[in-house]
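**Q** Residues 138 to 422 (the numbering used here) make up the sequence shown, in order.
Backbone N, C-alpha and C fix where the C-beta goes; we use that ideal spot for every residue, glycine too.
Would you mind keeping the following structure in view while I ask a few things?
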Amino acid sequence: MRTKTKLFLAIVAMALAWVSAGCSNNVTKVEAPIVRTIVTSDTLLSGMIASLLPPNRYSVEAILPPGQCPGHYDVKLSDIEKMKKATLIVSFRGMPFMNKTKLDERTQLLVDAESRNWMAPDSYRYGLGVLAKELSKRFPEDLHEIRIRKEKAIREGEAEATSLIKRITQAGVPGMPVMASSMQKEPLAWIGFRVVAEYGRQEAMSTREVVRLLEIGKNQRVLMVVDNLQSGPDVGKGIAETLSVPHVVLTNFPSEKGYLETLRENVNVVLSAATREIKKRRSTL
């Protein structure tokens, strides 16, 4: 009897082992998706690319902090390490700090902004098209999703632009004269302002240039002077004080809040200043 019991238990053990082995062989191993790292020169490109690529397969980060000037930024060793490990590095042409990296050209995508400021909604839409086309070439397996995400980003951008244009029109600023940093000329023109004079960086502002700008400002009765945060937030401050008009600073790169929120904040700043100045002028008539 004991012999039969031992034999039975041995058979049961063998059967269980066989079933267990069979089940384990049939289990499909779920591998974690490969995450590609994209490094960009700035937050404008990083935000646009992040909106185009599926987030579960791509990680996107920027080198240049949003408030810093590209011409004065010093590349860190940590930046270079990030770029060495990246699947793709995307940069606008003419970014001085990117020329210091000397990385493999095969991993780089240089984007020509074509004299546009991609913070302006019309140029932002153009830029989405440029980036979507280039990313589709490099990641053809995601071509369909890139196209869908591009259309979604364009719809969201157009909806926000339409809302802002309505507010701008109601504020009565279209056609009003302003003076501005050349970096902000296109966004201000999109808002509807008439940019009657523009200027460059602080180092390019000679006494003669300041006198010229003051004369234009007085003759045109400019509504405000608008500086660009990254190229110098105080370049036009003295001119604005002399003309007794508002001094406004806008950013040329999205903050950590993203493109649409940064665009909204830029518009809010200029509309607030413009509204105050318009009311002041009307009160003195």
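Rounded to the nearest angstrom, what separates E393 and M320 at their Cα positions?
**A** Distance between the alpha carbons of E393 and M320 is about 20 Å.
**Q** Are the beta-carbon atoms of A326 and I353 separated by less than 7 Å?
**A** no
**Q** Can you say whether S368 is buried or exposed, counting buried as having 16 or more other CB atoms within 10 angstroms of its CB?
**A** buried
**Q** Closest to D179 by C-alpha separation, out of V227, E398, R401 and V348, would be which residue?
**A** Checking every option, the nearest Cα to that of D179 belongs to V227.
**Q** How far does the alpha helix (DSSP H) with P258 in it reach, from first residue to last?
**A** P258 to R275
**Q** Count the other C-beta atoms from every protein chain shown that fall within 10 angstroms of the C-beta of K322, then say buried if there are 16 or more, exposed otherwise.
**A** Under this definition K322 is a buried residue.
**Q** Mapping DSSP to helix, strand and coil, what is P314?
**A** DSSP places P314 in strand when its eight states are reduced to three.
**Q** Give a yes or no on whether the C-beta atoms belonging to V332 and A317 are separated by under 7 Å.
**A** yes
**Q** Round the Cβ separation of G294 and L189 to the nearest angstrom and send it over; I've been treating them as touching at under 8 Å.
**A** About 13 Å separates the two Cβ atoms, so there is no contact after all.
**Q** Let me know the secondary structure DSSP gives S129 once reduced to three states.
**A** What is shown of the chain runs 138 to 422, which leaves residue 129 out entirely.
**Q** Using only the alpha-carbon positions, how far apart do A341 and V347 sit?
**A** 10 Å
**Q** Do the stretch 214-234 and the stretch 279-296 touch if we need at least three Cβ pairs shorter than 8 Å?
**A** no
**Q** Starting from Q339, trace the beta strand (DSSP E) in both directions and tell me its first and last residue.
**A** No beta strand (DSSP E) holds Q339; DSSP gives it neither H nor E.
**Q** Quick one: is D364 buried, meaning 16 or more other Cβ sit within 10 Å of its Cβ, or exposed?
**A** buried
**Q** Pick out whichever of T224, K219, A187 and M232 has its Cα sitting closest to the Cα of Q205.
**A** Of T224, K219, A187 and M232, the smallest CA-CA separation from Q205 is found for M232.
**Q** Could you tell me if T412 is buried or exposed, where buried requires 16 or more neighbouring beta carbons within 10 angstroms of its beta carbon?
**A** Around the Cβ of T412, a 10 Å sphere holds fewer than 16 other Cβ atoms; the residue is exposed.
**Q** Determine the burial state of A290: buried for a count of at least 16 other Cβ atoms within 10 Å of its Cβ, exposed for fewer.
**A** buried
**Q** Determine, using beta carbons only, whether T388 and L408 come nearer to each other than 7 Å.
**A** With a cutoff of 7 Å on beta-carbon distance, T388 and L408 are scored as not near each other.
**Q** In three-state DSSP terms, what is E198?
**A** In this structure, E198 counts as strand in the three-state DSSP scheme.
**Q** Any idea if N403 is buried or exposed, counting beta-carbon neighbours within 10 angstroms, 16 or more meaning buried?
**A** buried
**Q** Use the C-beta contact count for V197: other C-beta atoms within 10 angstroms, 16 or more gives buried, fewer gives exposed.
**A** V197 sits buried, since 16 or more C-beta atoms from the chains shown fall within 10 Å of its C-beta.
**Q** Taking only the alpha-carbon atoms, compute the straight-line gap between V248 and P383 and give it to the nearest angstrom.
**A** 35 Å
**Q** With H, G and I counted as helix, E and B as strand and the rest as coil, what does DSSP make of D371?
**A** coil
**Q** State the Cα-Cα distance for the pair L360 and H209, rounded to the nearest angstrom.
**A** The alpha-carbon atoms of L360 and H209 are separated by roughly 30 Å.
**Q** Excluding the 5 residues flanking N405 on each side, which residues of the same chain have their C-beta closer than 8 Å to its C-beta?
**A** Leaving aside the five residues that flank N405 on each side, none in its chain has a CB nearer than 8 Å to its CB.
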